[in-house]
Amino acid sequence: MPSSDLPPPDQQAERFARLWTSAQGPVAGFIRSMVADRHLAEDVLQDVALVCLRRLADYDPERSFISWALGIAKFTAMAAVRSARRVSLLDHPEAATAVAAAWERLEDESARRRDALALCLGRLPGRQRTMLAGFYQENRSIVDIAKSLGLASDSVKTMLSRVRTALRRCVEERLEPAP
Amino acid sequence: MTAQDLIDRHLAGDLDAGEAARLAAWIAADPANAEEFVRACHAHTSIADLLAVPRPARAWSPRPWLAWAAAAVLMLTVTGWWLTSGFGLGQHGDLRIIAVTGTVTLDQAEVKVGSVWPAGGRLETMAGSSVDVAGPDGSTFAFASGSQMLWRQAGHGQRLELAGGSVQVTATTRPADAPLTVALPDLEARILGTRLRLDALPACSRVDLHQGRIEIVDLLGQSRRTMAAGQTAWAGTGIPLLVERAGFWSDPLPADAIIAAPAKASYQAKQPLLAGQTFRRGPLLFDQPAEALRFPTSPGVAPVRKTIITEAGRRLLRLSPSGPQGKANLLLPIDGLPAVEIEVEVRTTDASQLLGISLLGSLSPARNDALVADFRSRCGIDLSWLRFATRIQPGFAAIRFRFVRIGAIAGVGVWEGAGSIGDQLIHRDLLGPVPGLVFVMDQGGSIELGRIRVWELLESPAPGG
Numbered sequence: 001m002p003s004s005d006l007p008p009p010d011q012q013a014e015r016f017a018r019l020w021t022s023a024q025g026p027v028a029g030f031i032r033s034m035v036a037d038r039h040l041a042e043d044v045l046q047d048v049a050l051v052c053l054r055r056l057a058d059y060d061p062e063r064s065f066i067s068w069a070l071g072i073a074k075f076t077a078m079a080a081v082r083s084a085r086r087v088s089l090l091d092h093p094e095a096a097t098a099v100a101a102a103w104e105r106l107e108d109e110s111a112r113r114r115d116a117l118a119l120c121l122g123r124l125p126g127r128q129r130t131m132l133a134g135f136y137q138e139n140r141s142i143v144d145i146a147k148s149l150g151l152a153s154d155s156v157k158t159m160l161s162r163v164r165t166a167l168r169r170c171v172e173e174r175l176e177p178a179p
Numbered sequence: 180m181t182a183q184d185l186i187d188r189h190l191a192g193d194l195d196a197g198e199a200a201r202l203a204a205w206i207a208a209d210p211a212n213a214e215e216f217v218r219a220c221h222a223h224t225s226i227a228d229l230l231a232v233p234r235p236a237r238a239w240s241p242r243p244w245l246a247w248a249a250a251a252v253l254m255l256t257v258t259g260w261w262l263t264s265g266f267g268l269g270q271h272g273d274l275r276i277i278a279v280t281g282t283v284t285l286d287q288a289e290v291k292v293g294s295v296w297p298a299g300g301r302l303e304t305m306a307g308s309s310v311d312v313a314g315p316d317g318s319t320f321a322f323a324s325g326s327q328m329l330w331r332q333a334g335h336g337q338r339l340e341l342a343g344g345s346v347q348v349t350a351t352t353r354p355a356d357a358p359l360t361v362a363l364p365d366l367e368a369r370i371l372g373t374r375l376r377l378d379a380l381p382a383c384s385r386v387d388l389h390q391g392r393i394e395i396v397d398l399l400g401q402s403r404r405t406m407a408a409g410q411t412a413w414a415g416t417g418i419p420l421l422v423e424r425a426g427f428w429s430d431p432l433p434a435d436a437i438i439a440a441p442a443k444a445s446y447q448a449k450q451p452l453l454a455g456q457t458f459r460r461g462p463l464l465f466d467q468p469a470e471a472l473r474f475p476t477s478p479g480v481a482p483v484r485k486t487i488i489t490e491a492g493r494r495l496l497r498l499s500p501s502g503p504q505g506k507a508n509l510l511l512p513i514d515g516l517p518a519v520e521i522e523v524e525v526r527t528t529d530a531s532q533l534l535g536i537s538l539l540g541s542l543s544p545a546r547n548d549a550l551v552a553d554f555r556s557r558c559g560i561d562l563s564w565l566r567f568a569t570r571i572q573p574g575f576a577a578i579r580f581r582f583v584r585i586g587a588i589a590g591v592g593v594w595e596g597a598g599s600i601g602d603q604l605i606h607r608d609l610l611g612p613v614p615g616l617v618f619v620m621d622q623g624g625s626i627e628l629g630r631i632r633v634w635e636l637l638e639s640p641a642p643g644g
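What follows is the structure, given as structure tokens:
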């Protein structure tokens, strides 16, 4: 699109905001699923948003914006991970493409899945919730959590794995249509 | 390492390059795999986000099962009812490896018979492996495949921490201030002298008490339960504390059970059952008590084969040569017998290894897998005890499976697949007489047979005949 045909900046910003709102969930999810380091993942997400904004003129409205943004996310994340010299699934393009496609397919259910997870989390007994909060929210190591709970590290790993399995099952049960 | 293990390692940021390649290959192999990966990642990131959001004061209300869940973290205290006088204990001293099958490591170095297991050492049995350990006081520990265990001195006593797998303990008697403590993720047993088995299963912890009596106290001190020899205790995430008899069915069917053929039962019109044809239980042909068939904890198939051949008793019980795909068949021949009712108790410490149970030649592997998968989906992952009764007539298989799950899972009651389901289980590939009962098990898996009983079934006169 020639620059003279571009919409005014305020209209362009509004258009981008509308499109990005629809794509941010799967794009952020994709990045966070491929980049284990949370801080690096947040940086990548910001970079992707900037690239999408700058290249908005290249976007073909006939195509899915989510798909387009995921494509940009894939290459931006690859570059970031290589730069950080981290082991990553992004070194395997076929897997990265498959994951991006899955995020797009599952976009519709992600909100329901999150709501179900919130309910399931609310039902966890206190000790398991404390363990999850330590690991996921406070970024504490398993060794550290084990010390504070008076358990062996392997036991904490086992319990975390069990809690995740129980949550997965709880979420699936909640998402199943009523008979 | 399973795909789920790799995903967990990925989410923890622990993947090495080789594991990343394996996980990537798994993801790329099937869109369903990619979706499973995405769902796991979505849950992972959502947990962190959701935990950061303060919950509204009335976001949820207490439910009865939560009280049970709170009770799932337990402490087992063994009291001394059973204890006898005189104890040759050695409170201090290292443990020693007395038998090894397969690959067993101590702090990641392979161990051999005679190796010393010092305090603080981490012992691990690889898939298909097992190890027996003896303490200085004569106590013995038999670790199953896939066990991870640490031990340390704790005051005058000893403490073993089992993070995964299974251990069978025979402990000598000890004074109260020098207990042997075995800690599982959900249960802790302070052993003063008894014989019991402890399993850290994927979803829960379990204690089988073979000898003595113990008292179970939940950590909050809210309830106490006495556990007697022959009972099993269960607890775990979302699984309420349960203590119940661990033995075989007292009587799976009424003694005079009448088995009637379904009205439309037939097998490709070749072996029709007459509508209303009935059988009743006749003489007991074979009765192998569970104790006589009890194996060391989680043996591989080869020791099982040897044990069965040695201890089978009056009726020939044999294990067939390994079949394709690493499966092994345990045959209980019924050639020449009339219709029979067979009751078998099978136990596996790793449910995923039990691939199926079927009549030889009568059940396709796919159908059998579907049956087990159905059982798994109904009962969660608690498949470690599986009981069933099967009735067989030579030339025709009218199968009546009956599964009873031990150990309640919240929201799932005891489920029985009783009833005539022969219509569903009759298979097109049954062309000859049915020679026996086959258990399909992975060779690397671990099984333990309980009691086996076989009755002759006698045909009852037709109603009014």
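In order, the protein sequence lines correspond to chains A and B.
When the letters of the first sequence are read in order and numbered with my numbering, they come out as residues 1 to 179.
When the letters of the second sequence are read in order and numbered with my numbering, they come out as residues 180 to 644.
Quick reminder that beta carbons are idealized off the backbone N, C-alpha and C, glycines included.
Who are the Cβ neighbours of residue i in its own chain at under 7 angstroms, not counting the five residues just before and after it?
i, result
"R201 (chain B)", "L185"
"G325 (chain B)", "T304, A306, G343, G344 and D529"
"G299 (chain B)", "R331"
"S429 (chain B)", "With a pLDDT of 36 at S429 (chain B), under the threshold of 50, the modelled position of that residue is not reliable, and the figure given next carries that caveat. Closer than 7 angstroms at Cβ, skipping near neighbours: no residue."
"I72 (chain A)", "V48, V51 and C52"
Using a C-beta to C-beta distance shorter than 9 angstroms, which residues of chain A count as neighbours of residue i?
i, result
"S308 (chain B)", "Near S308 (chain B) there are no residues of chain A at all, since even the closest Cβ is about 18 angstroms away, more than 9 angstroms."
"E289 (chain B)", "Chain A residues near E289 (chain B): none, gap ~20 angstroms exceeds 9 angstroms."
"P210 (chain B)", "A98, A101, A102 and R105"
"L202 (chain B)", "L89, H92 and A95"
"A368 (chain B)", "Near A368 (chain B) there are no residues of chain A at all, since even the closest Cβ is about 14 angstroms away, more than 9 angstroms."
Measure the CB-CB distance between residue i and residue j and report whether it falls below 8 angstroms.
i, j, result
"V156 (chain A)", "A146 (chain A)", "yes"
"L40 (chain A)", "A84 (chain A)", "yes"
"A412 (chain B)", "L117 (chain A)", "no"
"L341 (chain B)", "L377 (chain B)", "yes"
"T319 (chain B)", "T349 (chain B)", "yes"
"S110 (chain A)", "V35 (chain A)", "no"
"G192 (chain B)", "D144 (chain A)", "no"
"R127 (chain A)", "L175 (chain A)", "no"
"A96 (chain A)", "P210 (chain B)", "no"
What does residue i touch in chain A if you count any residue whose Cβ is under 7 angstroms from its own?
i, result
"Q332 (chain B)", "The contacting residues do not exist; Q332 (chain B) stays about 15 angstroms from chain A at best."
"I277 (chain B)", "The premise fails here: I277 (chain B) is roughly 24 angstroms from chain A at the closest Cβ pair, so nothing lies under 7 angstroms."
"A298 (chain B)", "Near A298 (chain B) there are no residues of chain A at all, since even the closest Cβ is about 14 angstroms away, more than 7 angstroms."
Any idea what DSSP makes of residue i, helix, strand or coil?
i, result
"G29 (chain A)", "helix"
"V171 (chain A)", "helix"
"D209 (chain B)", "coil"
"Q287 (chain B)", "coil"
"S141 (chain A)", "coil"
"L377 (chain B)", "strand"
"P93 (chain A)", "helix"
"L398 (chain B)", "Residue placement at L398 (chain B) is flagged as unreliable, the pLDDT there being 45, under the threshold of 50; the coordinate-derived value follows with that caveat. Three-state result, L398 (chain B): coil."
"W356 (chain B)", "The displayed chain sequence assigns Asp, not Trp, to residue 356 (chain B). Coil."
"S67 (chain A)", "helix"
"G461 (chain B)", "strand"
"D387 (chain B)", "strand"
Compute the beta-carbon to beta-carbon distance between residue i and residue j, rounded to the nearest angstrom, for a pair I have assumed lies under 8 angstroms.
i, j, result
"R301 (chain B)", "Q327 (chain B)", "7 angstroms"
"L70 (chain A)", "A100 (chain A)", "4 angstroms"
"A102 (chain A)", "L90 (chain A)", "Not really, about 15 angstroms apart at Cβ, beyond 8 angstroms."
"I226 (chain B)", "Y136 (chain A)", "5 angstroms"
"C220 (chain B)", "R105 (chain A)", "Going by Cβ atoms, the distance from C220 (chain B) to R105 (chain A) rounds to 14 angstroms, so no, they are not a contact pair."
"L19 (chain A)", "F75 (chain A)", "About 19 angstroms separates the two Cβ atoms, so there is no contact after all."
"V290 (chain B)", "D273 (chain B)", "Not a contact, Cβ separation roughly 12 angstroms."
Check the Cβ of residue i against every Cβ in chain D and list those closer than 8 angstroms, keeping chain order.
i, result
"F216 (chain B)", "Reference to chain D is not applicable here, since the protein chains of this structure are A and B."
Who are the neighbours of residue i on chain B, taking C-beta pairs under 8 angstroms?
i, result
"A152 (chain A)", "L329, E340, A342 and A362"
"T158 (chain A)", "A342, G343, P364 and A379"
"D47 (chain A)", "The contacting residues do not exist; D47 (chain A) stays about 18 angstroms from chain B at best."
"Q24 (chain A)", "By Cβ distance, chain B contributes nothing, its closest Cβ being about 13 angstroms from Q24 (chain A), past 8 angstroms."
"Y136 (chain A)", "H223, I226, A227 and L230"
In chain order, what residues of the same chain lie with their CB nearer than 8 angstroms to the CB of residue i, ignoring the 5 residues before and after it?
i, result
"G334 (chain B)", "D356 and A357"
"A545 (chain B)", "The predicted position of A545 (chain B) is uncertain, since its pLDDT is 46 and thus under 50; no value can be drawn from it."
"L132 (chain A)", "L121, L124, L160 and V163"
Name, please, each residue of chain B whose Cβ falls closer than 7 angstroms to the Cβ of residue i.
i, result
"L132 (chain A)", "I226 and L230"
Closer than 9 angstroms by beta-carbon distance: list the chain B residues that pair up with residue i, in chain order.
i, result
"A36 (chain A)", "H189, L190, A191, G192, D193 and L194"
"R168 (chain A)", "R218, A219 and A222"
"H39 (chain A)", "By Cβ distance, chain B contributes nothing, its closest Cβ being about 12 angstroms from H39 (chain A), past 9 angstroms."
Near residue i, which residues of its chain fall below 6 angstroms by C-beta distance, leaving aside the five closest residues on each side in sequence?
i, result
"L388 (chain B)", "L375, M406, A408 and Q410"
"A313 (chain B)", "R275, I277 and T319"
"R82 (chain A)", "none"
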